[in-house]
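In what follows, a structure is listed as structure tokens, so that the remarks can point back to it.
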Amino acid sequence: MSDQQNSAGLARLVSIMRRLRDPETGCEWDSVQDFGTIAPYTIEEAYEVADAIARGDMADLAEELGDLQLQVIFHSVMAEEEGAFTLADVFAKISDKMERRHPHIFGEAENGGHHLWEEIKAAERKDKAEDESALAGVALALPALERAQKLQKRAARTGFDWPDASGAKAKIHEELAELEEAEGAAHREEELGDLLFAVVNLARFLKIDAEEALRKANRKFEKRFRAIEAHPEFAERDLDGKEELWRAAKLSTAD
């Protein structure tokens, strides 16, 4: 597809959204939305893109990327209505950022790589925000596991970190003991959160993406449960009987 066709497709989508947002003749749902009400859909569509990729479904990926692009257009048109920024501003900002963070390609720097990217990002955060903490800019809306990973990585860059994985493992045992001793729902919730945070820290030391690891565990559980749920005697079996089916499913659906 040519750049001209891409531009025409984008212009068509913008035109559709502007028509939907028209307060007089537009859609009764689209026309009354705001940034806050649309944000959850934006997050949901990003996850649906990731799901299509995980399933290797290219046809679905094309559709889901379209849904995600619609979210960008939706926010941009709402911002345009308020005089805050336009879609052109969105493209200009990301283009400027990509060129700025790749000076070894678009500038005069001789060497690049991920370390340079991170250094430039850190400098941008320092210039942009009043919050000068190493943790500044870690989005609150991130999934909890992913946000925990980012917070831990940021803290580690300041030297606040275990020297090796043994410290992270010991912390898990400590938090598990504290959870067992916790009294009351609020205290148990707090200690469980600490335990999860400690597990994420161990994943970081093992160079494992905790969010992706849990996604895979979810998929494995769903696959195996669906297998035992389909057994004609599943509903009638007691827990031991269901556990027997589960063990068989583990063997037959091993990844």
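Under our numbering, the residues of the sequence shown are numbered 1041 to 1295, in order.
For each residue, glycine too, the CB sits at the ideal point set by N, CA and C.
Spatial neighbours of L1219 in its own chain (CB-CB distance under 7 Å, excluding positions within 5 residues in sequence) are listed in chain order as R1228, E1231, L1232, L1235.
I1056 carries a helical assignment under DSSP once its states are collapsed to helix, strand and coil.
The criterion of a C-beta distance shorter than 7 Å is satisfied by P1183 and E1251. If you ignore the 5 residues before and after H1115, its C-beta comes within less than 8 Å of the C-beta of F1075, I1078, T1082, all in its own chain and listed in chain order. For the pair L1053 and I1113, the CB atoms are nearer than the 7 Å cut-off.
With respect to the 7 Å criterion, L1185 and L1175 are not classified as neighbours on the basis of their beta carbons. Straight-line spacing of the CA atoms in G1066 and F1125 works out to 22 Å. Counting other Cβ atoms within 10 Å of its Cβ, Q1044 stays below 16 and is therefore classed as exposed. The Cβ atoms of V1089 and E1103 do not sit closer than 7 Å to each other. Secondary structure note for R1141: it is in no alpha helix (DSSP H), with a DSSP letter that is neither H nor E. N1241 is the residue among D1249, N1241, M1138, E1283 whose C-alpha sits nearest the C-alpha of I1212. At the C-beta level, L1285 and H1271 come within 7 Å of one another. For A1238 against A1208, the beta-carbon gap comes to about 7 Å, under 8 Å, which counts as contact. The straight-line gap separating the alpha-carbon atoms of S1206 and N1258 is approximately 27 Å.
With respect to E1085, L1108 sits close: the two C-beta atoms are nearer than 7 Å. Excluding residues up to 5 positions away in sequence, A1174 lie with their Cβ nearer than 8 Å to the Cβ of T1198 in the same chain.
For the stretch 1052-1139, the full-length alpha helix (DSSP H) segments reaching 4 residues or more read 1075-1095, 1098-1122 along the chain. Distance from the CA atom of A1051 to the CA atom of A1179, rounded to whole angstroms, is 30 Å.
A straight line joining the alpha-carbon of A1149 with that of K1161 spans about 16 Å. Of the candidates F1146, E1273, E1164, H1142, H1142 places its Cα closest to the Cα of L1156. In this structure, R1061 and V1117 form a Cβ contact; the two beta carbons are roughly 6 Å apart against a cut-off of 8 Å. Shortest Cα-Cα distance from K1193 to any of R1244, I1145, E1215 involves R1244. Listed in chain order, the non-local C-beta contacts of E1215 below 7 Å within the same chain comprise E1231, D1234, L1235, A1238, local neighbours out to five positions each way being set aside. For K1247, no alpha helix (DSSP H) run applies, since DSSP gives it neither H nor E. Contact annotation: A1092 and D1100 have beta-carbon atoms nearer than 7 Å. Put simply, the backbone Cα of R1264 is about 6 Å away from that of A1289.
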